[in-house]
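For reference, the structure discussed in these notes is given below.
Residue numbers (the UniProt record's numbering): 1 to 438.
Structure (structure tokens):
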């Protein structure tokens, strides 16, 4: 078997009895490389891919190289486990992102995987824990995600759960994963199983990659968890001991590159997955249990704006968006403030039926606009405090609310209704130390 190899190189490897998983040596000029032959995902038919002993993959031009077989693979190392037919089915929906990315060795660039085989070939052991049905929905990086795509994802989730999947895993880029998690959460009022968004901070060609452990853990969670909520699952620490499932509307990416970058904000995570033991440990009892049906309403109005206030910001910049927006989420300072100069503008906006809601840049804690004079003035101008809701969660909820209400009062009512745990009615910082789940 020579997956991905074509033309003269495939024939040459076959003539030497070399297969995927065999240990080989390549000598070319002054370069000598030893390692395991890996499948090739290069468009260049002359590229040979080897995983070296240090864990890195390297792509080399085969022309002019001396290739030799050092040892044959062990059958158990490359055997793909077969389904017993008695295990619960888990649906994997790929939207792209680092977790399903492959390296183009001719350019060094990372691109999203383009086929189901590419997703499953590097982690066949997930078939040991559940019957897997995988599908490519999008092949985009997460910065290219759009509200229209959220609806398509929600529809595919409902279709999968309706067909009997115990849970759904969505492979997604990490940069905007919390937005999509919130969108799917607001799209469902009841589900028969969990939806697990999973990503990777480091691509699969790196020795420190978290992709395989995260994906494996997400399948365990989708199959075994008792809850039917939308969760984001990522590494829970810098090493590989366990992963953490965060409630999708209360999670944020808090570091650009750490594997444990995701953290629950003002909240306790849903569960801890001990992936080496194939077990799920629930960290809270107030989860939504698996329901009897899947009720979905996934409509979004994208005419919104997220305003991150800074000192010296000119209120006149809002005039440029007034005719193009139906709602604004403010990321204000501290307890929920902008300068007093914005009071008149916000009063005009709310009078014209444009919703204006306040969140905090601090993230931890909640807004309280009754403490200081500026906050009280903004309240009088019609700005709605949104408790401890995260700015991005509030933005997605506003898109959903605008698509389900006819006027600003209807939008306000929906925004202040705790639908999927986006609010905490009470907040005590002592309840949520990080060591709680470590």
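Note that CB positions come from ideal geometry on N, CA and C, so glycine has one too.
Owing to the predicted nature of the structure, the values given are computational and were not obtained by experimental measurement.
### Query
Helix, strand or coil: which one does DSSP assign to residue 34?
The sequence position of residue 34 within the chain shown is 34, counting from 1. It is a strand residue.
### Message
Once the 5 residues before and after residue 202 are set aside, which same chain residues still bring their CB inside 8 Å of it?
### Response
Taking the chain shown and counting its residues from 1, the one referred to as residue 202 is at position 202. If you ignore the 5 residues before and after residue 202, its C-beta comes within less than 8 Å of the C-beta of 98, 208, 209, 210, 211, 257 and 259, all in its own chain and listed in chain order.
### Task
Can you tell me which of the three DSSP states residue 5 falls into?
In the chain shown, counting from the first residue as 1, residue 5 sits at position 5. Coil.
### Task
Under 8 Å by Cβ, that's how I've got residue 60 and residue 33 pegged, so tell me the actual separation to the nearest angstrom.
Along the chain shown, read from residue 1 onward, the residue named residue 60 stands at position 60. Along the chain shown, read from residue 1 onward, the residue named residue 33 stands at position 33. About 7 Å; that satisfies the 8 Å criterion.
### Message
Taking the alpha carbon of residue 247 as the reference point, which residue from 276, 19, 393 and 340 has its own alpha carbon closest?
### Response
Position 247 of the chain shown, counted from the start, is the residue given in the question as residue 247. Closest in C-alpha terms to residue 247, from the list 276, 19, 393 and 340, comes 393.
### Query
For residue 341, does the count of other Cβ atoms within 10 angstroms reach 16, so buried, or fall short, so exposed?
Taking the chain shown and counting its residues from 1, the one referred to as residue 341 is at position 341. Result: exposed.
### Query
Using the rule of at least 16 other Cβ atoms within 10 Å of the residue's Cβ for burial, across every protein chain shown, is residue 226 buried or exposed?
Numbered from its first residue, the chain shown carries residue 226 at position 226. Classification of residue 226: exposed, given that the 10 Å Cβ count is below 16.
### Under the three-state DSSP convention, the category residue 143 falls into
Sequence index remark: in the chain shown, residue 143 carries index 143 (1-based). Three-state DSSP puts residue 143 in a helix.
### Query
Counting Cβ pairs, one atom from each stretch, are 3 or more of them under 8 Å apart for the segment 286-304 and the segment 398-413?
Contact between the segment 286-304 and the segment 398-413 is present, because at least three Cβ pairs lie under 8 Å.
### Message
Nearest by alpha-carbon distance to residue 283: which of 276, 291 and 264 is it?
### Response
Numbered from 1 along the chain shown, position 283 holds the residue referred to as residue 283. Of the candidates 276, 291 and 264, the one whose C-alpha sits nearest the C-alpha of residue 283 is 264.
#### Entry: Of the residues 368, 373, 326 and 376, the one placed nearest residue 353, counting alpha carbons only
For the purposes of this step, residue 353 is taken as residue 353 along the chain shown, with counting starting at 1. The residue with the shortest Cα to Cα distance from residue 353 is 326.
#### Entry: Touching by the beta-carbon criterion (3+ pairs, under 8 Å), the segment 306-326 and the segment 368-387
Touching, no.
#### Entry: beta strand (DSSP E) segment containing residue 51, residue limits
Residue 51 sits at position 51 when you count from the first residue of the chain shown. 47-52 is the span of the beta strand (DSSP E), which, as asked, contains residue 51.
### Task
Return the chain-ordered ranges of every alpha helix (DSSP H) run that is complete within the UniProt domain "Asparaginase/glutaminase C-terminal" (303-415) and spans a minimum of 4 residues.
As far as the UniProt domain "Asparaginase/glutaminase C-terminal" (303-415) is concerned, its whole alpha helix (DSSP H) runs of at least 4 residues are 342-351, 373-380, 391-402 and 408-415.
### Task
Consult DSSP for residue 224 and reduce its assignment to one of helix, strand or coil.
By 1-based counting over the chain shown, the position of residue 224 is 224. Looking at residue 224 - three-state DSSP - the assignment turns out to be helix.
### Query
In terms of residue numbering, what span does the alpha helix (DSSP H) encompassing residue 182 cover?
Here the question's residue 182 lines up with position 182 in the chain shown. Counting along the chain, residue 182 sits inside the alpha helix (DSSP H) bounded by residues 177-187.
### Task
Kindly indicate if chain D contains any beta-carbon less than 8 Å away from that of residue 298.
This model lacks chain D altogether; it includes just one protein chain.
### Query
Span of the beta strand (DSSP E) holding residue 167?
In the chain shown, counting from the first residue as 1, residue 167 sits at position 167. Note, residue 167: beta strand (DSSP E), 167-171.
### Task
Would you tell me roughly how many angstroms separate the C-alpha atoms of residue 317 and residue 389, rounded to the nearest one?
What you label residue 317 is simply residue 317 of the chain shown in a count that begins at 1. What you label residue 389 is simply residue 389 of the chain shown in a count that begins at 1. In a straight line, the C-alpha of residue 317 is about 25 Å away from that of residue 389.
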